[in-house]
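Residue numbers for the sequence shown follow the working numbering, so the first one is 831 and each next one is one higher.
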Amino acid sequence: MNQDDLLRLLDTPMPYGKYQGRYIADLPGHYLNWYARVGFPKGEIGRLLVLMQEIDHNGLSWLLDPLRTSAKESKSRAE
831 MNQDDLLRLL
841 DTPMPYGKYQ
851 GRYIADLPGH
861 YLNWYARVGF
871 PKGEIGRLLV
881 LMQEIDHNGL
891 SWLLDPLRTS
901 AKESKSRAE
(Lines of atoms letter the chains of each structure in order from A and count residues from 1; the text may use other names and numbers.)
(Lines give C-alpha, C1' and ligand atoms only; values in the text may rest on other atoms or scores of the structure.)
Protein backbone atom coordinates (compact mmCIF):
# COMPACT_ATOMS: atom_id res chain seq x y z
CA MET A 1 0.00 0.00 0.00
CA ASN A 2 1.08 3.55 -0.64
CA GLN A 3 -0.55 6.82 0.29
CA ASP A 4 -2.06 7.17 -3.19
CA ASP A 5 -4.11 4.04 -2.45
CA LEU A 6 -5.82 5.84 0.43
CA LEU A 7 -6.76 8.71 -1.86
CA ARG A 8 -8.03 6.25 -4.46
CA LEU A 9 -10.43 4.82 -1.86
CA LEU A 10 -12.01 8.27 -1.70
CA ASP A 11 -12.37 8.88 -5.42
CA THR A 12 -12.92 5.44 -6.95
CA PRO A 13 -16.59 4.52 -7.33
CA MET A 14 -17.75 0.92 -7.11
CA PRO A 15 -18.27 0.01 -10.78
CA TYR A 16 -20.99 -2.64 -10.29
CA GLY A 17 -23.23 -4.40 -7.82
CA LYS A 18 -25.64 -3.24 -5.16
CA TYR A 19 -23.52 -0.21 -4.29
CA GLN A 20 -22.59 0.80 -7.84
CA GLY A 21 -21.46 4.42 -7.95
CA ARG A 22 -20.68 4.68 -4.24
CA TYR A 23 -17.06 5.49 -3.41
CA ILE A 24 -15.13 2.52 -2.08
CA ALA A 25 -14.36 4.42 1.14
CA ASP A 26 -18.12 4.75 1.71
CA LEU A 27 -19.07 1.10 1.25
CA PRO A 28 -20.72 -0.47 4.31
CA GLY A 29 -18.71 -2.90 6.40
CA HIS A 30 -21.13 -5.79 5.86
CA TYR A 31 -20.62 -5.50 2.10
CA LEU A 32 -16.82 -5.49 2.47
CA ASN A 33 -17.03 -8.48 4.81
CA TRP A 34 -19.19 -10.32 2.29
CA TYR A 35 -16.45 -9.91 -0.28
CA ALA A 36 -13.93 -11.17 2.27
CA ARG A 37 -16.02 -14.33 2.66
CA VAL A 38 -16.79 -15.03 -1.02
CA GLY A 39 -13.61 -13.65 -2.55
CA PHE A 40 -12.53 -10.26 -3.79
CA PRO A 41 -12.59 -9.48 -7.50
CA LYS A 42 -9.37 -9.47 -9.45
CA GLY A 43 -7.54 -6.32 -10.42
CA GLU A 44 -7.42 -2.81 -9.05
CA ILE A 45 -10.96 -2.78 -7.66
CA GLY A 46 -10.30 -5.98 -5.73
CA ARG A 47 -7.07 -4.59 -4.33
CA LEU A 48 -8.83 -1.44 -3.14
CA LEU A 49 -11.70 -3.46 -1.64
CA VAL A 50 -9.19 -5.57 0.31
CA LEU A 51 -7.55 -2.43 1.65
CA MET A 52 -10.88 -0.85 2.63
CA GLN A 53 -12.06 -4.06 4.28
CA GLU A 54 -8.88 -4.16 6.39
CA ILE A 55 -9.28 -0.51 7.38
CA ASP A 56 -12.96 -1.00 8.26
CA HIS A 57 -12.47 -4.33 10.03
CA ASN A 58 -9.80 -2.84 12.28
CA GLY A 59 -11.89 0.24 13.12
CA LEU A 60 -9.56 2.62 11.32
CA SER A 61 -12.01 4.33 8.96
CA TRP A 62 -11.49 7.55 10.87
CA LEU A 63 -7.99 7.72 9.37
CA LEU A 64 -9.58 8.68 6.05
CA ASP A 65 -11.34 11.75 7.52
CA PRO A 66 -8.42 14.20 7.09
CA LEU A 67 -8.01 12.97 3.52
CA ARG A 68 -11.72 13.52 2.85
CA THR A 69 -11.36 17.13 4.01
CA SER A 70 -8.31 17.83 1.88
CA ALA A 71 -9.87 16.07 -1.14
CA LYS A 72 -13.00 18.25 -0.87
CA GLU A 73 -10.87 21.39 -0.59
CA SER A 74 -8.85 20.39 -3.66
CA LYS A 75 -12.02 19.80 -5.68
CA SER A 76 -13.44 23.16 -4.59
CA ARG A 77 -10.28 24.98 -5.69
CA ALA A 78 -10.31 23.18 -9.04
CA GLU A 79 -13.87 24.35 -9.78
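By construction, the Cβ of each residue, glycine as well, lies at the ideal position given by its N, Cα and C atoms.
| task | Taking N888 as the reference, give the member of L862, R852, Q833 with the closest Cα. | result | L862
| query | Taking just the CA atoms, how far does S900 sit from A866? | reply | 30 angstroms
| Which residues in the same chain have their Cβ closer than 8 angstroms to the Cβ of L897, if we skip the five residues on either side of it in sequence? | L836, L837, L840
| task | Quick one: using the 10 Å Cβ neighbour count with 16 as the cut-off for buried, is Q883 buried or exposed? | result | buried
| With a Cβ-Cβ cutoff of 8 angstroms, do G859 and D886 count as a contact? | yes
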